[in-house]
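Asker: So the sequences go chain by chain: A and B.
Each number in the numbering used here comes from the position in the first sequence (counting from 1) with 31 added on.
Each number in the numbering used here comes from the position in the second sequence (counting from 1) with 31 added on.
What follows is a single structure, and I will ask about it in a moment.
2 protein chains.
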Amino acid sequence: MITPHGTVELPTFMPVGTAGSVKAMLPEEVARTGAQVILGNTYHLLLRPGHTLVRDLGGLHKFAGWSGTILTDSGGFQVLSLKELRKISEEGVAFQSPYDGRKHLLSPELSIEIQEALGTDIAMAFDECPPADAERDYVARSMARTTRWLQRCQDARRQPERTSMFGIVQGGVYDDLRREHAEQVLAFDLDGYAIGGVAIGESKEDMLRVVDTSTDLLPVDRPRYLMGVGLPYDLVAAVAAGVDMFDCVVPTRNARTGRIFTSKGLVVVKNAQNRDDGRPLDEDCDCPTCQNFSRAYIRHLWTSGEILVHRLTTMHNLWFFGRLMARIRAAIDAGTMQDLLRETKAGPYGVDGGR
Amino acid sequence: MITPHGTVELPTFMPVGTAGSVKAMLPEEVARTGAQVILGNTYHLLLRPGHTLVRDLGGLHKFAGWSGTILTDSGGFQVLSLKELRKISEEGVAFQSPYDGRKHLLSPELSIEIQEALGTDIAMAFDECPPADAERDYVARSMARTTRWLQRCQDARRQPERTSMFGIVQGGVYDDLRREHAEQVLAFDLDGYAIGGVAIGESKEDMLRVVDTSTDLLPVDRPRYLMGVGLPYDLVAAVAAGVDMFDCVVPTRNARTGRIFTSKGLVVVKNAQNRDDGRPLDEDCDCPTCQNFSRAYIRHLWTSGEILVHRLTTMHNLWFFGRLMARIRAAIDAGTMQDLLRETKAGPYGVDGGR
Chain A
32 MITPHGTVEL PTFMPVGTAG SVKAMLPEEV ARTGAQVILG NTYHLLLRPG
82 HTLVRDLGGL HKFAGWSGTI LTDSGGFQVL SLKELRKISE EGVAFQSPYD
132 GRKHLLSPEL SIEIQEALGT DIAMAFDECP PADAERDYVA RSMARTTRWL
182 QRCQDARRQP ERTSMFGIVQ GGVYDDLRRE HAEQVLAFDL DGYAIGGVAI
232 GESKEDMLRV VDTSTDLLPV DRPRYLMGVG LPYDLVAAVA AGVDMFDCVV
282 PTRNARTGRI FTSKGLVVVK NAQNRDDGRP LDEDCDCPTC QNFSRAYIRH
332 LWTSGEILVH RLTTMHNLWF FGRLMARIRA AIDAGTMQDL LRETKAGPYG
382 VDGGR
Chain B
32 MITPHGTVEL PTFMPVGTAG SVKAMLPEEV ARTGAQVILG NTYHLLLRPG
82 HTLVRDLGGL HKFAGWSGTI LTDSGGFQVL SLKELRKISE EGVAFQSPYD
132 GRKHLLSPEL SIEIQEALGT DIAMAFDECP PADAERDYVA RSMARTTRWL
182 QRCQDARRQP ERTSMFGIVQ GGVYDDLRRE HAEQVLAFDL DGYAIGGVAI
232 GESKEDMLRV VDTSTDLLPV DRPRYLMGVG LPYDLVAAVA AGVDMFDCVV
282 PTRNARTGRI FTSKGLVVVK NAQNRDDGRP LDEDCDCPTC QNFSRAYIRH
332 LWTSGEILVH RLTTMHNLWF FGRLMARIRA AIDAGTMQDL LRETKAGPYG
382 VDGGR
């Protein structure tokens with residue numbers, strides 16, 4: 032995938048840099064883990080520091096010191112998560128800032144305006160992601176509105192040559208709705224297409240079926256992006272189904288709660304058994320953390336509340352995901368994705384492993 | 032100064048790595064700021080993770096990944112700071128761990144045992160540092176006991192060829208007591224000598240006088256270490272008086288409270304005027320923070336509670352101190368220390384600047 036900020040090898044995993052920082056990490060360190068795209072959150076950057084400020088300072092790449100590709104979400108998912116503080120209408124989503132109580136209306140037009148102001152490489156269309164337990168009728172109505180919002184996003188674009196836009200296919204766990212919505216979204220000739228409304232509480236079986244259904248519906252000559260996924264098995268299974276792009280807080284958030292992905296399975300930093308363990312977190316890992324520090328030291332930092340622990344664990348977890356994506360790309364080249372899928376299923380990160 | 036872990040250019044500023052980590056920083060980053068020695072705290076490492084554990088894992092250098100020189104304090108200053116939780120006797124200082132309530136007795140023998148177990152390059156003798164408002168009689172009696180403790184430290188050493196020991200001169204703000212104690216401490220032929228009991232609340236005038244008095248009393252062929260100092264002016268003035276080594280939490284702690292040393296004076300990160308300021312923290316600084324990030328971004332990270340801000344500010348402040356020490360060494364070589372002292376006094380870090 033070619034963007035204004037470089038060529039991205041697919042499939043790719045995008046670390047989440049919510050507020051313009053992949054938590055605890057320098058941009059150069061994120062790049063060292065193999066990441067070529069980071070995700071920024073429109074909602075967070077709108078509220079702090081504000082998109083016009085970022086624009087006036089030269090855009091998000093310069094602001095955050097990231098020279099690779101940036102994809103921003105539309106802000107829709109986050110404002111909808113505010114629950115009592117937001118209200119959906121045809122116009123958009125009205126919400127109150129949890130920081131200062133100020134009222135905002137996030138509309139398709141504003142979402143695109145923000146993303147273009149940030150100077151993102153890939154903007155996501157503004158959509159509604161209905162909750163996992165939404166009734167079929169609601170999903171159908173919501174999906175129709177998301178299509179109308181997509182038209183408004185398309186009309187609002189001011190710099191399509193500089194900022195790509197991906198459309199998002201919704202439809203909940205209903206295969207026919209997924210098909211119907213995919214048709215509507217594909218009617219717009221967009222730079223890529225995303226599968227939204229997954230990994231939000233539905234069963235793993237439903238998720239994998241939706242991914243299978245959706246990838247079959249999306250064109251092979253455009254990137255296919257599975258939003259908010261995922262765990263190691265999900266990545267392998269989704270790539271096997273045809274997905275090219277992922278974002279998820281799993282590696283970074285788990286790192287900050289001391290949950291470490293290793294070749295032997297999850298290691299929990301604070302566990303007493305690490306107290307005097309001179310081995311690295313993962314003996315099969317060549318990340319800077321595993322090359323330089325022991326489990327005992329990392330547990331000591333954790334116990335002592337030292338900031339450094341978040342750096343060491345985040346570096347390792349992102350490295351683990353970077354290596355997994357490299358293995359997936361190698362398996363695609365070698366035509367051995369089904370072997371990798373079987374192997375992953377039988378390994379420490381079978382179906383729900385790593386949660 | 033030559034230690035088992037390298038040659039140290041003097042004068043040197045030692046960043047504080049309390050619990051085996053210069054907060055927020057990787058060892059390689061600390062080294063990049065020009066630091067060649069870090070300080071570890073015996074008290075903290077005794078309680079967490081325990082000195083025998085560090086010893087069994089190969090010592091503090093390996094544990095913390097620091098290949099340069101390590102100096103450890105004796106633990107005396109920290110246990111005395113526990114106030115209600117400690118009791119001083121001839122034997123040592125009995126105290127309760129604030130973490131788990133366990134009782135400990137830190138004695139001269141145990142302090143040396145811990146420091147040798149940690150594998151420190153330079154151990155500090157176990158001393159009492161009386162409070163700044165202590166009466167002369169108390170200071171005199173305490174100082175005599177510190178001398179007896181020094182004898183016990185000397186007797187307790189098991190690896191003098193591997194671990195140097197510095198003696199500490201006390202005597203409060205009383206010039207005659209300082210002289211008397213220096214004589215007692217110098218009677219031990221030690222690898223270096225420290226000026227203790229300063230920067231603990233006495234006036235700046237008293238401090239500078241004590242430094243002047245003390246440096247005159249200490250031999251020129253051994254390192255002279257001024258403990259717990261200091262602010263930029265203090266460093267320049269103390270070197271002019273003959274001091275070779277310093278440790279202080281000022282650069283690292285100020286960094287974590289968002290107070291930044293720059294060539295134009297202190298910058299407070301959270302101040303509203305930084306909100307849209309695209310300039311680096313210090314336009315005259317070549318540290319990685321100033322080369323890559325704006326005040327606006329750093330303030331944004333601060334406001335958003337992002338961990339990265341502590342890395343960026345700590346890197347900058349340590350870099351500032353590293354550059355200041357390099358300027359001091361250059362001024363010594365050029366014979367212009369008095370010029371540098373005058374210049375410093377007239378600049379943004381005159382006498383109390385940077386507090």
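The C-beta atom is built at its ideal place from N, Cα and C for all residues, glycine as well.
This structure is a prediction, so every number in the text was calculated from the model and none was measured.
Beta-carbon separation of T64 of chain A and L102 of chain A under 8 Å?
Answerer: If you number the first sequence from 1, residue 64 of chain A lands on position 33. If you number the first sequence from 1, residue 102 of chain A lands on position 71. In this structure, L102 of chain A does not lie closer than 8 Å to T64 of chain A by Cβ.
Asker: Measure the Cβ-Cβ separation of D265 of chain B and M45 of chain B and say whether it is below 8 Å.
Answerer: Position 234 of the second sequence, counted from the start, is the residue given in the question as residue 265 of chain B. Position 14 of the second sequence, counted from the start, is the residue given in the question as residue 45 of chain B. No, the Cβ-Cβ distance between D265 of chain B and M45 of chain B is not below 8 Å.
Asker: Got a sec, what are the start and stop residues for the beta strand (DSSP E) L136 of chain B sits in?
Answerer: Stepping through the second sequence from its first residue, residue 136 of chain B is reached at position 105. L136 of chain B -> beta strand (DSSP E) spans 134-137.
Asker: Confirm, please, whether the CB-CB distance from N348 of chain B to P282 of chain B is below 8 Å.
Answerer: Reading the second sequence from its first residue, position 251 is the one you call residue 282 of chain B. Reading the second sequence from its first residue, position 317 is the one you call residue 348 of chain B. Yes, Cβ-Cβ distance for P282 of chain B and N348 of chain B is below 8 Å.
Asker: For the 8 Å Cβ check, are there 3 or more pairs between the stretch 330-337 of chain B and the stretch 355-375 of chain B?
Answerer: Counting Cβ pairs under 8 Å, fewer than three are found: no touch.
Asker: Helix, strand or coil for G353 of chain B per DSSP?
Answerer: Position 322 of the second sequence, counted from the start, is the residue given in the question as residue 353 of chain B. Three-state DSSP puts G353 of chain B in a helix.
Asker: Using the beta-carbon of each residue, which ones in chain B are nearer than 7 Å to R373 of chain A?
Answerer: Within the first sequence, the letter at position 342 stands for residue 373 of chain A. Within 7 Å Cβ-Cβ: nothing; R373 of chain A doesn't reach chain B, min ~38 Å.
Asker: K54 of chain A touches chain B at which residues, Cβ-Cβ below 9 Å?
Answerer: Residue 54 of chain A sits at position 23 when you count from the first residue of the first sequence. E337, I338, L339, listed in chain order.
Asker: Please state whether DSSP places Y256 of chain A in a helix, a strand or coil.
Answerer: The residue given as residue 256 of chain A occupies position 225 in the first sequence. Strand at Y256 of chain A.
Asker: Taking only beta-carbon atoms, is D317 of chain B less than 8 Å away from chain A?
Answerer: Within the second sequence, residue 317 of chain B is the residue found at index 286, counting from 1. No - not a single Cβ of chain A is within 8 Å of the one on D317 of chain B.
Asker: Taking the straight line between their C-alpha atoms, what separation do you get for P342 of chain B and Y328 of chain B?
Answerer: Against the second sequence, residue 342 of chain B aligns to sequence position 311. Against the second sequence, residue 328 of chain B aligns to sequence position 297. At residue 342 of chain B the sequence reads Arg, which differs from the Pro that was named. Rounded to the nearest angstrom, the two C-alpha atoms are 13 Å apart.
Asker: Name the chain A residues that come within less than 8 Å of A327 of chain B, Cβ to Cβ?
Answerer: The count along the second sequence starts at 1 and reaches residue 327 of chain B at position 296. Neighbours of A327 of chain B on chain A, chain order: P80, L84, L88, F94.
Asker: Let me check understanding here. Comparing Cα to Cα, which of B:M174, B:A269, B:K114 lies closest to S245 of chain B?
Answerer: Within the second sequence, numbered from 1, the residue matching residue 245 of chain B stands at position 214. Closest option to S245 of chain B, Cα to Cα, is B:A269.
Asker: What does G397 of chain A touch in chain B if you count any residue whose Cβ is under 7 Å from its own?
Answerer: With chain A covering 32 to 386 only, the question about residue 397 of chain A has no answer from this structure.
Asker: Give me the residue from A:E144, A:D206, A:Q109, A:G203 with the minimum Cα distance to H82 of chain A.
Answerer: Numbered from 1 along the first sequence, position 51 holds the residue referred to as residue 82 of chain A. Answer by Cα proximity: A:E144.
Asker: Reducing DSSP to helix, strand and coil, say where D186 of chain B ends up.
Answerer: Here residue 186 of chain B corresponds to residue number 155 of the second sequence, with the count starting at 1. Looking at D186 of chain B - three-state DSSP - the assignment turns out to be helix.
Asker: Between T73 of chain B and the rest of its own chain, which residues show a CB-CB distance below 7 Å, the 5 nearest in sequence each way excluded?
Answerer: Residue 73 of chain B sits at position 42 when you count from the first residue of the second sequence. Within the same chain, T73 of chain B has close Cβ partners T103, D104, S105, G106, S142, I145, Q146.
Asker: Does the beta carbon of L312 of chain A sit closer than 8 Å to a beta carbon anywhere in chain B?
Answerer: On the first sequence, position 281 is the one that residue 312 of chain A refers to. L312 of chain A does not count as touching chain B.
Asker: With distances taken from CA atoms, which of A:G198, A:D243, A:L84 is nearest D222 of chain A?
Answerer: Position 191 of the first sequence, counting from 1, holds the residue named residue 222 of chain A. Closest by alpha carbon: A:G198.
Asker: Residues of chain B with CB closer than 7 Å to the CB of N323 of chain A, please, in chain order.
Answerer: To locate residue 323 of chain A, count along the first sequence from 1; it is residue 292. Neighbours of N323 of chain A on chain B, chain order: G96.
Asker: I believe L77 of chain A touches A50 of chain A by the beta-carbon criterion, under 8 Å. Please report the beta-carbon distance rounded to the nearest angstrom.
Answerer: Stepping through the first sequence from its first residue, residue 77 of chain A is reached at position 46. Stepping through the first sequence from its first residue, residue 50 of chain A is reached at position 19. With 8 Å as the limit, L77 of chain A and A50 of chain A do not qualify as a contact, their Cβ atoms being about 11 Å apart.
Asker: Using a Cβ-Cβ cut-off of 7 Å (strictly less than) and excluding sequence neighbours within five positions of V299 of chain A, which residues of its own chain qualify?
Answerer: Your numbering for residue 299 of chain A matches position 268 in the first sequence. Counting only Cβ-Cβ distances below 7 Å, and skipping sequence neighbours, we find G289, R290.
Asker: Would you list, in chain order, the members of the stretch 293-309 of chain B that have their beta-carbon closer than 8 Å to a beta-carbon of chain A?
Answerer: Within the stretch 293-309 of chain B, the qualifying residues are R306, D307, G309.
Asker: Between S225 of chain B and the rest of its own chain, which residues show a CB-CB distance below 6 Å, the 5 nearest in sequence each way excluded?
Answerer: The residue labelled residue 225 of chain B in the question sits at position 194 within the second sequence. Note on residue identity: the sequence assigns Ala, not Ser, to residue 225 of chain B. If we look at A225 of chain B and ignore the five residues flanking it on each side, its Cβ neighbours are F197, I199, Y256, M258.
Asker: Applying a beta-carbon distance threshold of less than 7 Å, which residues of chain B neighbour A50 of chain A?
Answerer: Locating residue 50 of chain A in the first sequence gives position 19, where the first residue counts as 1. By Cβ distance, chain B contributes S335, E337.
Asker: So, does the CB of L181 of chain B fall closer than 8 Å to a CB anywhere in chain A?
Answerer: Residue numbering aside, residue 181 of chain B sits at position 150 when the second sequence is read from its first letter. Judged by the 8 Å Cβ criterion, L181 of chain B is not in contact with chain A.
Asker: What separation, rounded to the nearest whole angstrom, lies between the Cα atoms of Q67 of chain A and C316 of chain B?
Answerer: Position 36 of the first sequence, counted from the first residue, corresponds to residue 67 of chain A. Position 285 of the second sequence, counted from the first residue, corresponds to residue 316 of chain B. Each residue's Cα considered, the two are about 29 Å apart.
Asker: Please work out which residues of its chain come closer than 8 Å, Cβ to Cβ, to G273 of chain B, disregarding the five sequence neighbours upstream and downstream, and give them in chain order.
Answerer: Start at 1 with the first residue of the second sequence, and residue 273 of chain B comes out as number 242. Closer than 8 Å at Cβ, skipping near neighbours: T246, D247, L249, V251, R255.
Asker: If you follow the alpha helix (DSSP H) that R290 of chain A is part of, which residue opens it and which one closes it?
Answerer: Here the question's residue 290 of chain A lines up with position 259 in the first sequence. Counting along the chain, R290 of chain A falls outside any alpha helix (DSSP H), though it belongs to the beta strand (DSSP E) covering 290-293.
Asker: What residues in the stretch 111-135 of chain A have a beta carbon less than 7 Å from any beta carbon of chain B?
Answerer: Cβ contacts with chain B come from no residue of the stretch 111-135 of chain A.
Asker: Rounded to whole angstroms, what is the Cα-Cα separation between L339 of chain B and L57 of chain A?
Answerer: The count along the second sequence starts at 1 and reaches residue 339 of chain B at position 308. The count along the first sequence starts at 1 and reaches residue 57 of chain A at position 26. Cα-Cα distance, rounded: 7 Å.
Asker: Check whether the Cβ atoms of E337 of chain B and K93 of chain A sit closer than 8 Å, and answer yes or no.
Answerer: In the second sequence, the residue the question calls residue 337 of chain B occupies position 306. In the first sequence, the residue the question calls residue 93 of chain A occupies position 62. Not in contact: E337 of chain B and K93 of chain A (Cβ atoms no closer than 8 Å).
Asker: Can you name the residues of chain A whose CB is closer than 8 Å to the CB of L137 of chain B?
Answerer: The residue you call residue 137 of chain B lines up with position 106 of the second sequence. Neighbours of L137 of chain B on chain A: none; closest Cβ ~19 Å, over 8 Å.
Asker: For A175 of chain B and D168 of chain B, I'd like the C-alpha separation in whole angstroms.
Answerer: Position 144 of the second sequence, counted from the start, is the residue given in the question as residue 175 of chain B. Position 137 of the second sequence, counted from the start, is the residue given in the question as residue 168 of chain B. Approximately 11 Å between the Cα atoms of the pair.
Asker: Find the nearest neighbour of Y380 of chain B within the set B:G261, B:P161, B:R287, B:R310, judged by alpha-carbon distance.
Answerer: For this step, residue 380 of chain B is matched to residue 349 along the second sequence. The shortest C-alpha separation from Y380 of chain B is found at B:G261.
Asker: What are the start and end residues of the beta strand (DSSP E) that includes Y380 of chain A?
Answerer: Taking the first sequence and counting its residues from 1, one reaches residue 380 of chain A at position 349. First-last for Y380 of chain A: undefined, no H or E at that position.
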